[in-house]
Amino acid sequence: MAEVEDLLDDNDVVGLLRWLDEHRPHEIADEIARAAPVQAVLLFRLLPKDEALTVFEELDPPDQQHVLSGLRDQSFRELVEAMHPDDRVRLLGEAPAKFAQRVLAGLSHRERVTTAALLGYPEGSVGRSMSPEPVAVRYGRTAGHALEAVREKGLEAETVYTLPVVDDQRCFVGTVSLRDLVLSAPDRPVAEFVDDGAPRVRATDDAEAAARLMSDANLVDLTVVDSEDRVVGLLTIDDAVDLIEEADTEDIARQAAATPWSGHYMSVSVVALARSRIIWLLLLIVAATLTVNVLQFFEATLAQVTALALFIPLLVGTGGNVGAQAATAAVRALAVGEVRVGDVPRVAWRECRVGLVLGVALGAVGLVVGGLLVDLPVAVTVAASLVLVCAWAAMIGSTMPLLAKRVGVDPAVISAPLVTTLVDATGLIIYFLIARLVLGL
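Using this note's numbering, read the sequence shown as starting at 22 and increasing by one per residue.
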């Protein structure tokens, strides 16, 4: 908001305090992320202590680093000590080594051990995103005993809405909800209402997949266990939402032929944004030489019927758009688990038929337009090419992400621009081959 920018530029502390008092933590975090580093620190330091941590944890790790770098040692230590362990690990995962050492050095022994334990899990695993101090309930206890455990340990836990139920070896049995405990008679055994079919994941499992599982199963918390099925933590809904948002942001960036960046868009430098895009653009320029080679190969055909050149942009644009639509749909379906890698034949056949339907509709338009602008044989060539190019583009666009997944490549890397470039070259081949057949060249 312009109001905050003006207040910061004018160093109007009274106005800033009034603004902070009137806005929610996520709104304050957004303004801190948008501000220059020095102004961001000024805005953050004006926050009351009881609100500062809430706002801080709303920030992305690069913006958290900017704020921490501007704080004195005492404030620095108090802030990182108060963070939840999983949020602290997320910060350290993107921080330079020198900054990470400063954070760890400022922690108490207990918090340092907890943080180091989470950092020991593989990058991208559930273990790095889980809350490591769940309130567990013994299987043989009553609802009253379980509520006593919640009261004793609840302040140290990030969440108490879902409680893992464990046996004497701390192995996972199921879960109970806080609601069930509160509404049950104190002497009712936990065993009578434990959900022994509740899902769980291992700490080394993929974090994004676990977050998608929570979304599919409508879970508030997901139990995390180790290799021996002992409960080690909970993945909470707020962290799951962040994981899904981060994964979707990366997919969107890659589908647009760019490398994902960290932090608020308004706080990322121009050079960093350009760097995130230039590599893919250079690769796409190299890939686009295929189209040039195709045009050179069919140069004689173009020389005989120059009217064919009029429809190259129409054909290339349509094929590229159809391929990009199919690729985007496939990446999304893979991400949410609606298709699997083994569905390649079914997806290819399905999208081929979709492309044929689109091609017939667009081909009819192309036939009319071509008939008005040039002669009928060329119009027929354009119409027939649109039908085949649309079917081909939809099939290629939908199967490339699935094949990429099969060989271990991120499907989003097979981005829409890359599919478009490939479809451009192959679509021209189809166009000129049909032209030779129809026009007898």
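Note that the Cβ used here is the ideal one computed from N, Cα and C, for glycine as well.
Measure from the C-beta of L458 to each C-beta in chain B and report whether the shortest distance is under 9 Å.
-> Of the chains in the structure shown, none is chain B; there is only one protein chain.
Three-state secondary structure (DSSP) at S198?
-> Residue numbering aside, residue 198 sits at position 177 when the sequence shown is read from its first letter. Residue state, collapsed to three classes: strand.
Nearest-angstrom Cα distance between D396 and T441?
-> Walking along the sequence shown from the start, residue 396 turns up at place 375. Walking along the sequence shown from the start, residue 441 turns up at place 420. Their backbone Cα atoms lie some 29 Å apart in a straight line.
Using the Cα positions of A404 and G384, report the straight-line distance between them to the nearest angstrom.
-> By 1-based counting over the sequence shown, the position of residue 404 is 383. By 1-based counting over the sequence shown, the position of residue 384 is 363. Rounded to the nearest angstrom, the two C-alpha atoms are 4 Å apart.
What does DSSP give as the partner residues of S152 in its beta bridges?
-> For the purposes of this step, residue 152 is taken as the residue at position 131 of the sequence shown. Bridge partners of S152: L255.
What did DSSP end up calling S90 once you bin it into helix, strand or coil?
-> Translated into the one-based positions of the sequence shown, residue 90 becomes position 69. Per DSSP, reduced to three states, the secondary structure at S90 is helical.
D33, enclosing alpha helix (DSSP H) - first and last residue | Along the sequence shown, read from residue 1 onward, the residue named residue 33 stands at position 12. Per DSSP, D33 belongs to no alpha helix (DSSP H) and is neither H nor E.
Please classify F65: does DSSP put it in a helix, a strand, or coil?
-> Taking the sequence shown and counting its residues from 1, one reaches residue 65 at position 44. Reduced to three states, the DSSP call for F65 is helix.
Decide if V262 is buried, meaning its Cβ has at least 16 other Cβ atoms within 10 Å, or exposed.
-> Taking the sequence shown and counting its residues from 1, one reaches residue 262 at position 241. Its Cβ having fewer than 16 others within 10 Å, V262 is exposed.
May I ask which residues mark the beginning and end of the alpha helix (DSSP H) holding R374?
-> As a working mapping, residue 374 is identified with position 353 in the sequence shown. 365-394 is the extent of the alpha helix (DSSP H) around R374.
C-alpha distance - S406 paired with A330, whole-angstrom precision | Position 385 of the sequence shown, counting from 1, holds the residue named residue 406. Position 309 of the sequence shown, counting from 1, holds the residue named residue 330. Their Cα atoms are separated by approximately 13 Å.
Cβ distance (whole Å) where A415 is taken to contact V375 below 8 Å = Position 394 of the sequence shown holds residue 415. Position 354 of the sequence shown holds residue 375. Confirmed, Cβ separation roughly 5 Å.
Give the straight-line distance between the Cα atoms of A103 and E266, rounded to the nearest whole angstrom.
-> Position 82 of the sequence shown, counted from the first residue, corresponds to residue 103. Position 245 of the sequence shown, counted from the first residue, corresponds to residue 266. Going from the Cα of A103 to the Cα of E266 covers about 25 Å.
Reference I455; option with closest CA among A400, S152, P422 | The count along the sequence shown starts at 1 and reaches residue 455 at position 434. Measuring from the Cα of I455, the nearest candidate turns out to be A400.
For P143, name the three-state secondary structure that DSSP assigns.
-> Walking along the sequence shown from the start, residue 143 turns up at place 122. Under the three-state reduction of DSSP output, P143 falls in the coil class, being neither helix nor strand.
For V158: DSSP bridge partner residues = To locate residue 158, count along the sequence shown from 1; it is residue 137. In the DSSP output, where bridge partners are listed per residue, V158 has V186.
Using DSSP bridges, identify the partner residues of T244.
-> Against the sequence shown, residue 244 aligns to sequence position 223. Answer by DSSP bridge pairing, in chain order: R221, L255.
Residue span of the alpha helix (DSSP H) that contains V337, given as start and end | The sequence position of residue 337 within the sequence shown is 316, counting from 1. Here the alpha helix (DSSP H) through V337 covers 333-356.
Kindly list the residues whose CB is nearer than 6 Å to the CB of M235, restricted to its own chain and excluding five residues on each side of it in sequence; keep chain order.
-> Mapped onto the sequence shown, residue 235 falls at position 214. Short of 6 Å from the beta carbon of M235, and not among the five residues preceding or following it, lie these beta carbons of its own chain, in chain order: L243, A261.
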